[in-house]
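Residue numbers (this note's numbering): 509 to 842.
Have a look at the structure below before the remarks.
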Ligand SMILES: Nc1nc2c(ncn2[C@@H]2O[C@H](COP(=O)(O)OP(=O)(O)OP(=O)(O)O)[C@@H](O)[C@H]2O)c(=O)[nH]1
Ligand SMILES: [Mg+2]
């Protein structure tokens, strides 16, 4: 019988002879102390898949499995408990609120975060954990776009994901391809440094941006993404949640890339002022000296737009000074 065994983030090996299989397990274990890992699974009505996700992790030797449930109305909680996971009911609602609530309660050194809907493969856990256990990263993100299973992401979600990722790269200048992935690993120490405030599906983008801000070493590794099981429902609304995600990324740009944040708002003011100004100018050239209030409005809009640009420039200076200071503090700490 052929077996697939995941190794150290460098893909999978097909192993046939038993001795080779044992060698591979030993080598994988050298990097991976599973006792130090808390497998964290947020769930909301995932009774179809939760058992198999937990069982696969148990079979891989992960014992600390924590399910944080959003008051599922199906059998998710009983199935998770029966399978051997510890279950915590979140006090509020939303995936973000659920995760924030449990981060402080986790005692293991590493957290492996995975959705409970069976769209990610537990067998690929080592790929995410290895770079951290080797001390090469503080936050590892599973990139779904490298090896996407046909139909796993609906065309609309795919489009939204690409736009959001581009938007992120544009603002933060860091080349990541899948900032919204639900399969990640991080050090518990690292995640506690992050200031997380969003309650819903914005949490992944917030975790990524905050990691960049707090100087965590963040890397991506390819992971497989499977379609949701037929008949199960997504909780993500591509329009409502997509907009919230974009606004979160934009709002957070205020301190990281002030020129972009204030410049964009300033451009909107300037552009509206310019258009109204054109209208006033056209009538003025035709000999009609009217629209006095509109003329004043034009001037105000353009001045405010220009001032926002200046605020952006000042903000940029402050941001780079802050970065320099943080670097200095880090250097002193070492
Ligand atoms: N605790 C908790 N978990 C949630 C909540 N909303 C969603 N989840 C879980 O978070 C994970 C991701 O949610 P999904 O609905 O799969 O969203 P998605 O993965 O972006 O979308 P799909 O591509 O359709 O799977 C799943 O395991 C959900 O059960 C919530 O309010 N509370
Ligand atoms: Mg999902």
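In this text, a Cβ means the ideal position worked out from N, Cα and C, and glycines have one as well.
Straight-line gap, residue i to residue j (C-alpha atoms, nearest Å)
i, j, result
"residue 842", "residue 812", "45 Å"
"residue 735", "residue 832", "44 Å"
"residue 674", "residue 570", "35 Å"
"residue 515", "residue 635", "In this predicted model, residue 515 has a pLDDT of only 34, less than 50, meaning its place in the structure is not dependable; the value taken from the coordinates is given anyway. Using only the alpha carbons, I get a separation of about 7 Å."
"residue 819", "residue 778", "14 Å"
"residue 611", "residue 623", "16 Å"
"residue 762", "residue 737", "39 Å"
"residue 637", "residue 750", "28 Å"
"residue 538", "residue 609", "Because residue 538 sits at a pLDDT of 47, beneath the cut-off of 50, its placement in the model cannot be relied upon, and the point is left open."
"residue 594", "residue 616", "14 Å"
"residue 699", "residue 810", "42 Å"
"residue 553", "residue 801", "57 Å"
Top-ranked residue by Cα proximity to residue i, from the options
i, options, result
"residue 559", "588, 789, 728, 654", "588"
"residue 672", "722, 782, 661, 713", "713"
"residue 596", "577, 612, 701", "577"
"residue 590", "772, 575, 817, 742", "575"
"residue 592", "561, 661, 738, 678", "561"
"residue 815", "784, 776, 632", "776"
"residue 662", "746, 792, 547, 616", "746"
"residue 677", "768, 608, 602, 709", "768"
"residue 695", "737, 656, 619, 715", "619"
"residue 581", "551, 680, 828", "551"
"residue 606", "807, 579, 828", "579"
"residue 709", "790, 743, 724, 693", "743"
"residue 771", "800, 644, 679", "679"
Extent of the continuous alpha helix (DSSP H) to which residue i belongs
i, result
"residue 794", "Element bounds for residue 794: n/a, residue is neither H nor E."
"residue 669", "663-680"
"residue 830", "800-841"
"residue 638", "633-641"
"residue 711", "711-721"
"residue 568", "Taken as a continuous stretch (DSSP letters only), residue 568 belongs to no alpha helix (DSSP H), as it is neither H nor E."
"residue 587", "584-591"
Whole-number beta carbon distance between residue j and residue i, since they are thought to touch under 8 Å
i, j, result
"residue 583", "residue 555", "4 Å"
"residue 731", "residue 650", "3 Å"
"residue 757", "residue 717", "6 Å"
"residue 869", "residue 690", "The requested residue 869 does not occur in the structure, where the chain is confined to residues 509 to 842."
"residue 604", "residue 711", "3 Å"
"residue 722", "residue 755", "At roughly 21 Å, the Cβ-Cβ gap does not stay under 8 Å, so residue 722 and residue 755 are not in contact."
"residue 728", "residue 783", "In fact, because the Cβ distance is near 42 Å, the residues do not count as touching under 8 Å."
"residue 803", "residue 825", "At roughly 34 Å, the Cβ-Cβ gap does not stay under 8 Å, so residue 803 and residue 825 are not in contact."
Secondary structure of residue i, DSSP reduced to three states
i, result
"residue 768", "helix"
"residue 735", "coil"
"residue 700", "helix"
"residue 728", "strand"
"residue 694", "strand"
"residue 752", "helix"
"residue 604", "helix"
"residue 786", "helix"
"residue 542", "helix"
"residue 655", "strand"
"residue 619", "strand"
"residue 778", "helix"
Where the beta strand (DSSP E) through residue i begins and ends
i, result
"residue 549", "545-551"
"residue 573", "573-577"
"residue 597", "594-597"
Distance cut-off 8 Å: residue i Cβ against heavy atoms of ligand 4
i, result
"residue 727", "Although ligand 4 was asked about, the structure shown includes only ligand 1 and ligand 2 as ligands."
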